[in-house]
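S.K.: If you scroll down you'll find the structure; I have some questions about it.
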Amino acid sequence: MSIPDSVPTTPDPVDLPDSGTARLHLQGISKRYGGVRAIKKADITVRPGTVHAIVGENGAGKSTLIKIISGAESADTGEIFFEGAPITLSSAIDAMAFGIQTVYQEPQLFAELTVSENIFIGREITSGTRVDWLAQNAKVIELLTMLGLPASYATKTVGSLSIAQQQQVSIAKALAGNAKILILDEPSAILTDSEIDVLFNIVRRLTKTGVSVIYISHRLDELFKLCQEVTVMRDGETLGTWPIQDLSIRRVIELMVGEALVEARTERTFPEGDPRLALEGLTLEGQFHDVNVSVRPGEVVGLYGLVGSGVAEIAEAVYGMRRPTGGRILLDGTVVEPRSPRAAQSLGIGMLPADRKAQGMFSFQPIAFNISIGHLSLLSKARTWIDRRQESIVARQMISRLSIKTPSERQPVAAMSGGNAQKVVLARETVERPPVLILAEPTHGVDVGAKDEIHRIVGELAHEGTAVLVVTSDVAEAIRICDRLYVIRAGTTTVEFGPDAKQADVLAAASGDDSDLSAHVREVS
Amino acid sequence: MTTTNATTIPPATPSSGRTRGGVARGLLPPAVTGQEWVLIGVLAILWVVLSLTTPAFASSGSIQPLLSAVAPIALMGVGMTMIIITGGIDISVAGVLMVTGVTSAKMLVDHDASLLVAVLVSVALGGLLGLVNGLLIAYGRVHAIIITFGTANLFQFVGRQIFASKTVNGIPSTLDVFGRGEAGRTLGVPHSFVLMAVVVAIAWWYLRHVQHGRHLFAIGGDPVAARLAGVNVERRVLMTYVLTGLLVGMAAVFIVASGTSTLDQSIGSGRELAVIAAVVIGGTSITGGRGSVLGTVFGALLVQTVASGVTQLGWPSELSDLFVGVAIAIAVGADLIRKWARERA
Chain Y
0 MSIPDSVPTT PDPVDLPDSG TARLHLQGIS KRYGGVRAIK KADITVRPGT
50 VHAIVGENGA GKSTLIKIIS GAESADTGEI FFEGAPITLS SAIDAMAFGI
100 QTVYQEPQLF AELTVSENIF IGREITSGTR VDWLAQNAKV IELLTMLGLP
150 ASYATKTVGS LSIAQQQQVS IAKALAGNAK ILILDEPSAI LTDSEIDVLF
200 NIVRRLTKTG VSVIYISHRL DELFKLCQEV TVMRDGETLG TWPIQDLSIR
250 RVIELMVGEA LVEARTERTF PEGDPRLALE GLTLEGQFHD VNVSVRPGEV
300 VGLYGLVGSG VAEIAEAVYG MRRPTGGRIL LDGTVVEPRS PRAAQSLGIG
350 MLPADRKAQG MFSFQPIAFN ISIGHLSLLS KARTWIDRRQ ESIVARQMIS
400 RLSIKTPSER QPVAAMSGGN AQKVVLARET VERPPVLILA EPTHGVDVGA
450 KDEIHRIVGE LAHEGTAVLV VTSDVAEAIR ICDRLYVIRA GTTTVEFGPD
500 AKQADVLAAA SGDDSDLSAH VREVS
Chain F
0 MTTTNATTIP PATPSSGRTR GGVARGLLPP AVTGQEWVLI GVLAILWVVL
50 SLTTPAFASS GSIQPLLSAV APIALMGVGM TMIIITGGID ISVAGVLMVT
100 GVTSAKMLVD HDASLLVAVL VSVALGGLLG LVNGLLIAYG RVHAIIITFG
150 TANLFQFVGR QIFASKTVNG IPSTLDVFGR GEAGRTLGVP HSFVLMAVVV
200 AIAWWYLRHV QHGRHLFAIG GDPVAARLAG VNVERRVLMT YVLTGLLVGM
250 AAVFIVASGT STLDQSIGSG RELAVIAAVV IGGTSITGGR GSVLGTVFGA
300 LLVQTVASGV TQLGWPSELS DLFVGVAIAI AVGADLIRKW ARERA
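Chains as they are written, first to last, in numbering that gives the first Met the number 0: chain Y, 0 to 524; chain F, 0 to 344.
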């Protein structure tokens with residue numbers, strides 16, 4: 000389905016309220032990281048007592064804007080006004096002093112301490128040098144009551160609470176710091192539906208007391224339940240702010256995606272035959288369930304899902320990093336149970352990890368080391384010493400094959416750009432040509448040129464017969480390189496798209512809007 | 000910051016909490032934790048069994064040396080507990096003990112120093128060496144085990160230079176007030192043990208009720224979050240190492256005082272492990288964020304009781320190492336199981 004001709008015209012954005020009456024007003028913000036312009040121009044105005052959503056695709060500049068508001072990063076240009084007065088924010092502590100509090104996805108709490116102590120740590124109520132436990136506890140109980148949470152939380156240790164409860168404690172902690180603006184960064188990603196309802200109730204109670212909430216979420220259906228105003232970002236710019244009643248999920252997506260460029264796809268013949276990798280009803284309790292996916296040799300299949308949808312965990316389960324609790328993984332029709340990455344590798348499953356700094360790369364080691372590690376038995380003589388000459392030859396072959404830009408294979412990876420480093424890790428995974436290759440976020444944090452290169456390499460690998468499973472949260476990438484695309488929502492495969500999927504449809508499917516999906520999309524049974 | 004003035008929170012009414020002994024129930028971990036009760040139970044059983052099997056064990060001639068031996072280990076353990084709560088460790092304790100011990104002994108022998116001077120020099124010197132450790136760890140941002148491994152060797156070298164390849168002979172009886180003899184006891188209790196108990200009581204209060212003491216737990220739990228919460232992480236970490244240095248200086252005086260009139264280079268050797276063993280057996284989590292000085296005292300008592308019991312039963316002394324090793328394994332295992340159970344919950 001193309002974006003229908005009858006797209007209802009989106010009304011113009013509302014006029015920004017006078018910055019004098021606004022709680023927070025940012026004007027002409029820009030931010031550069033090295034050569035990348037994360038934000039070209041951003042303006043936003045947040046009114047007291049409202050829930051203000053910021054939406055945009057990955058890379059649109061949302062997280063950078065949030066970092067600037069919370070003081071974690073400084074803007075290169077532009078001005079920030081707090082209640083009408085210009086301010087500078089050079090650290091998170093600065094922002095907190097103005098009452099700008101951020102609740103991060105990962106609760107910043109101390110597991111061994113009680114909720115009461117966590118809320119007041121760093122700003123204890125004291126009498127003399129002694130911490131006044133009673134006064135703190137009394138305030139915490141009032142705070143919890145105000146948020147509609149049980150007072151019994153106060154004396155529990157944080158480690159004994161669920162993730163959702165820890166998030167609620169984080170909100171209480173932010174409020175104890177005299178919050179005037181509360182930033183919630185993807186708070187619902189880690190929550191179940193009923194937990195989300197609790198969160199929404201808390202947020203609504205807060206706005207009644209005059210607190211402004213900046214709400215970041217990929218789940219667009221939530222905005223319509225909670226927010227009053229929406230600021231849309233695209234390609235590092237704010238497009239404007241709209242009252243929520245002027246928008247629909249589809250219109251928000253259209254604003255986010257813009258005049259989606261129809262990118263030239265390399266014509267490919269789609270393989271047929273039996274799948275090399277098949278997931279049948281794969282389930283990991285609490286993470287994902289009933290996942291059905293098949294990948295044929297020579298096919299590039301995408302798994303697209305929002306943060307928290309379980310998509311990352313599915314890939315990890317196939318690579319033996321997690322143990323599924325139900326369902327089957329089949330390799331060429333045979334049931335396999337990879338129990339560790341090593342076991343997965345010996346079955347012929349390779350994986351390019353998403354977080355290459357943490358999981359995939361030895362930064363201070365040379366390229367050759369990074370490519371050969373994992374294949375040392377292949378490159379060693381009599382399994383005792385490593386054939387350095389052979390290692391260099393293989394490294395040089397891979398460098399030229401993947402067009403890695405470097406003067407020598409002895410160069411450490413730490414000195415390379417993100418895109419080149421990513422290609423090094425990709426090189427390692429393809430030395431032995433695994434029959435199945437899983438790529439998690441293959442171009443995350445990679446510049447545009449290197450992105451094209453990596454997409455080309457993925458195409459070549461598939462052409463040579465590898466079954467490629469791409470896990471990505473970049474919808475443009477998913478559509479561009481995948482022959483078929485599964486959308487994961489709420490921990491399961493919901494919809495399967497063919498090669499001519501449209502960005503807006505995929506986004507709508509992933510964020511919970513199943514209405515008017517076009518004919519060539521079918522529900523996964 | 001000593002108060003909060005959040006507009007959204009009405010003023011506190013301190014009388015509204017459920018109270019027991021002035022502090023609302025459950026606000027703090029229990030005064031004596033479960034693991035400490037287990038230790039107390041094990042100690043009680045050991046003492047009863049040892050008293051029944053070797054009648055000499057229950058005599059004052061056996062108990063007093065035991066308390067004298069526990070005092071320096073538990074005293075150093077107080078500082079080490081705080082360090083380990085912040086997620087650090089100090090393995091240079093033996094080196095500091097050597098430098099401060101030999102310096103104070105030489106002051107007594109060569110300069111006829113008074114008790115006060117000897118104690119002050121030893122404690123101040125210990126604090127200085129602790130400051131070296133603390134500055135490197137808090138501001139150098141290198142892991143404590145690497146830093147203190149380096150300084151341990153450095154301090155041992157300095158200590159040997161002061162010894163100048165000779166034992167220190169003819170140490171006068173100036174320090175007897177902290178010694179093993181009659182002069183070192185009041186009502187049968189060694190002065191060193193009393194002093195240690197006072198320090199433990201203060202540290203126990205500090206770690207439970209004082210703002211800065213509570214911050215140590217936050218640092219051990221998550222240093223980044225602690226910094227965001229406004230905790231002066233570097234300063235607090237620095238102070239734990241300085242405090243440990245000061246206490247090691249005091250412990251050195253106890254050790255010199257309870258020895259003979261001769262001091263050789265073996266002073267301090269292996270003590271860092273005895274101290275860490277006491278802390279770990281006492282229930283302080285080696286990964287930081289949790290612990291108590293009371294447990295450390297019981298841990299030190301357990302280690303010494305085992306050593307003393309093995310000797311008095313006439314068993315080979317290696318068995319003492321075995322039992323201590325098993326106790327450490329059980330303590331660390333209990334901590335791991337607790338963490339694992341919590342993550343599963």
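C-beta atoms are modelled at their ideal positions from N, C-alpha and C, and glycine is treated no differently.
Could you work out which residues of chain F lie near Y/T128, taking near to mean beta carbons separated by less than 7 Å?
M.R.: Locating residue 128 of chain Y in the first sequence gives position 129, counting from the first residue. V209 and Q210, listed in chain order.
S.K.: On a Cα-Cα basis, can you pick out the residue from Y/E279, Y/G285, Y/V299 and Y/L305 that is closest to Y/V317?
M.R.: Looking up residue 317 of chain Y in the first sequence gives position 318. With distances taken between Cα atoms, Y/V317 lies closest to Y/E279.
S.K.: Tell me which residue opens and which closes the beta strand (DSSP E) that F/D263 is part of.
M.R.: One-based indexing of the second sequence puts residue 263 of chain F at position 264. Note, F/D263: premise wrong, no beta strand (DSSP E); not H, not E.
S.K.: Please determine if the region 94-109 of chain F and the region 333-342 of chain F are in contact, where contact requires at least 3 C-beta pairs separated by less than 8 Å.
M.R.: No, the region 94-109 of chain F does not touch the region 333-342 of chain F.
S.K.: How is Y/L330 classed by DSSP in three states: helix, strand or coil?
M.R.: Counting from one through the first sequence, the residue named residue 330 of chain Y turns up at place 331. Residue state, collapsed to three classes: strand.
S.K.: Straight-line CA distance for F/W36 to F/G267?
M.R.: For the purposes of this step, residue 36 of chain F is taken as the residue at position 37 of the second sequence. For the purposes of this step, residue 267 of chain F is taken as the residue at position 268 of the second sequence. Whole-angstrom Cα-Cα distance: 30 Å.
S.K.: Give the secondary structure of Y/Q549 by DSSP, where H, G and I count as helix, E and B as strand, and everything else as coil.
M.R.: Shown here, chain Y extends from 0 to 524; a query on residue 549 of chain Y therefore has no answer.
S.K.: Taking any Cβ of chain Y, which residues in the region 223-241 of chain F have a Cβ under 7 Å from it, in chain order?
M.R.: The region 223-241 of chain F vs chain Y, Cβ under 7 Å: A224, L227, A228, G229 and V230.
S.K.: Where does Y/R322 land, buried or exposed, given buried means 16+ other C-beta within 10 angstroms?
M.R.: Counting from 1 along the first sequence, the entry for residue 322 of chain Y is found at position 323. It is exposed - the Cβ of Y/R322 has fewer than 16 other Cβ atoms within 10 Å.
S.K.: Using a C-beta cutoff of 9 Å, does Y/G147 count as contacting chain F?
M.R.: Residue mapping note: residue 147 of chain Y aligns to position 148 of the first sequence, counting from 1. For Y/G147, the answer is no, since every Cβ of chain F falls outside 9 Å of its Cβ.
S.K.: Whole angstroms is fine: what's the gap from Y/L112's alpha carbon to F/F216's?
M.R.: What you label residue 112 of chain Y is simply residue 113 of the first sequence in a count that begins at 1. What you label residue 216 of chain F is simply residue 217 of the second sequence in a count that begins at 1. In a straight line, the C-alpha of Y/L112 is about 8 Å away from that of F/F216.
S.K.: On the premise that F/G86 lies in contact with F/T239, defined as a C-beta separation below 8 Å, what is that separation, rounded to the nearest angstrom?
M.R.: Mapped onto the second sequence, residue 239 of chain F falls at position 240. Mapped onto the second sequence, residue 86 of chain F falls at position 87. With a Cβ gap of about 10 Å, F/T239 and F/G86 do not count as contacting.
S.K.: Using 9 Å as the limit for Cβ to Cβ distance, is Y/Q167 near chain F?
M.R.: Your numbering for residue 167 of chain Y matches position 168 in the first sequence. So, not an interface residue.
S.K.: If I measure Cβ to Cβ from Y/G272 and keep anything under 8 Å in the same chain, skipping five residues before and after, which residues do I get?
M.R.: Working through the first sequence from its first residue, we reach residue 272 of chain Y at position 273. Hits under 8 Å: R295 and P296.
S.K.: Alpha carbon to alpha carbon, how far is Y/I243 from Y/I456? Give it in angstroms, no decimals.
M.R.: On the first sequence, residue 456 of chain Y is found 457 positions in, with the first residue counted as 1. On the first sequence, residue 243 of chain Y is found 244 positions in, with the first residue counted as 1. Computed Cα separation, rounded: 42 Å.
S.K.: Measuring CB to CB, does Y/V256 end up less than 9 Å from Y/A503?
M.R.: Translated into the one-based positions of the first sequence, residue 256 of chain Y becomes position 257. Translated into the one-based positions of the first sequence, residue 503 of chain Y becomes position 504. Closer than 9 Å, so yes.
S.K.: Starting from the beta carbon of F/R213, find every residue of chain Y whose beta carbon is closer than 9 Å, and list them in chain order.
M.R.: Within the second sequence, numbered from 1, the residue matching residue 213 of chain F stands at position 214. The answer, in chain order, is L112, E116, I120, E123 and V130.
S.K.: With C-beta atoms as the reference, is Y/V334 less than 9 Å away from Y/R327?
M.R.: Locating residue 334 of chain Y in the first sequence gives position 335, counting from the first residue. Locating residue 327 of chain Y in the first sequence gives position 328, counting from the first residue. Yes; because the gap between Cβ atoms is below 9 Å, this pair is in contact.
S.K.: Starting from F/D221, find everything on chain Y with Cβ-Cβ shorter than 9 Å and list it in chain order.
M.R.: Residue mapping note: residue 221 of chain F aligns to position 222 of the second sequence, counting from 1. Chain Y residues near F/D221: Q107, L108, F109 and A110.
S.K.: Going along the chain, which residues of the region 120-152 of chain F sit with their C-beta nearer than 8 Å to a C-beta in chain Y?
M.R.: Taking 8 Å as the Cβ-Cβ cut-off against chain Y, none of the residues of the region 120-152 of chain F qualify.
S.K.: In this structure, does DSSP put Y/L174 in helix, strand or coil?
M.R.: Along the first sequence, one-based indexing puts residue 174 of chain Y at 175. Helix at Y/L174.
S.K.: For a contact defined as C-beta to C-beta under 8 Å, what are the partners of F/A217 on chain Y?
M.R.: For this step, residue 217 of chain F is matched to residue 218 along the second sequence. Result: F109, L112, I120 and G121.
S.K.: Counting only beta-carbon separations shorter than 9 Å, does Y/A263 have a partner in chain F?
M.R.: Reading the first sequence from its first residue, position 264 is the one you call residue 263 of chain Y. Annotation note: pLDDT 48 at Y/A263 (below 50); position unreliable, no value reported.
S.K.: Helix, strand or coil: which one does DSSP assign to Y/M320?
M.R.: Position 321 of the first sequence, counted from the first residue, corresponds to residue 320 of chain Y. In this structure, Y/M320 counts as coil in the three-state DSSP scheme.
S.K.: Measure from the C-beta of F/G288 to each C-beta in chain Y and report whether the shortest distance is under 9 Å.
M.R.: To locate residue 288 of chain F, count along the second sequence from 1; it is residue 289. So yes, F/G288 belongs to the interface.
S.K.: Since F/H190 sits in a beta bridge, which residues does DSSP pair it with?
M.R.: In the second sequence, the residue the question calls residue 190 of chain F occupies position 191. According to DSSP, F/H190 bridges with nothing at all.
S.K.: Give the C-beta separation of Y/V102 and Y/Q26 to the nearest angstrom, bearing in mind that I take them to be a contact with Cβ-Cβ under 8 Å.
M.R.: Here residue 102 of chain Y refers to the residue found at position 103 of the first sequence. Here residue 26 of chain Y refers to the residue found at position 27 of the first sequence. Going by Cβ atoms, the distance from Y/V102 to Y/Q26 rounds to 25 Å, so no, they are not a contact pair.
S.K.: On the premise that Y/H24 lies in contact with Y/V212, defined as a C-beta separation below 8 Å, what is that separation, rounded to the nearest angstrom?
M.R.: As a working mapping, residue 212 of chain Y is identified with position 213 in the first sequence. As a working mapping, residue 24 of chain Y is identified with position 25 in the first sequence. Contact flag wrong, Cβ pair sits at about 16 Å.
S.K.: Among all the DSSP beta bridges, which residues are the ones paired with Y/M232?
M.R.: Sequence index remark: in the first sequence, residue 232 of chain Y carries index 233 (1-based). For Y/M232, which the question treats as bridged, DSSP gives the partners Y/T237.
S.K.: Would the beta-carbon of F/I218 fall within 9 Å of that of F/I84?
M.R.: Taking the first residue of the second sequence as 1, we reach residue 218 of chain F at position 219. Taking the first residue of the second sequence as 1, we reach residue 84 of chain F at position 85. Closer than 9 Å, so yes.
S.K.: Would you mind listing the beta strand (DSSP E) stretches within the region 294-319 of chain F that are 3+ residues and don't spill past its ends, in chain order?
M.R.: Complete beta strand (DSSP E) runs here, min 3: none at all.
S.K.: Are the CB atoms of F/V252 and F/I136 nearer to each other than 9 Å?
M.R.: For the purposes of this step, residue 252 of chain F is taken as the residue at position 253 of the second sequence. For the purposes of this step, residue 136 of chain F is taken as the residue at position 137 of the second sequence. Their beta carbons are not under 9 Å apart, which means F/V252 does not touch F/I136 by this criterion.
S.K.: If you follow the beta strand (DSSP E) that Y/L468 is in, where does it begin and where does it stop?
M.R.: The count along the first sequence starts at 1 and reaches residue 468 of chain Y at position 469. It spans A466 to T471 - the beta strand (DSSP E) in which Y/L468 sits, taken as one unbroken run.
S.K.: Please list, in chain order, the chain F residues whose beta carbon lies closer than 8 Å to that of Y/S561.
M.R.: Since the first residue shown for chain Y is 0 and the last is 524, residue 561 of chain Y is missing from the structure and cannot be characterised.
S.K.: Helix, strand or coil: how does DSSP classify Y/E125 here?
M.R.: The residue you call residue 125 of chain Y lines up with position 126 of the first sequence. Checking the sequence, you will find Thr at residue 125 of chain Y rather than Glu. Of the three classes helix, strand and coil, the one that applies to Y/T125 here is strand, per DSSP.
S.K.: Within 9 Å (strictly less), CB to CB, does F/A5 reach chain Y?
M.R.: Numbered from its first residue, the second sequence carries residue 5 of chain F at position 6. Residue placement at F/A5 is flagged as unreliable, the pLDDT there being 37, under the threshold of 50; the coordinate-derived value follows with that caveat. By this cut-off, F/A5 is an interface position.
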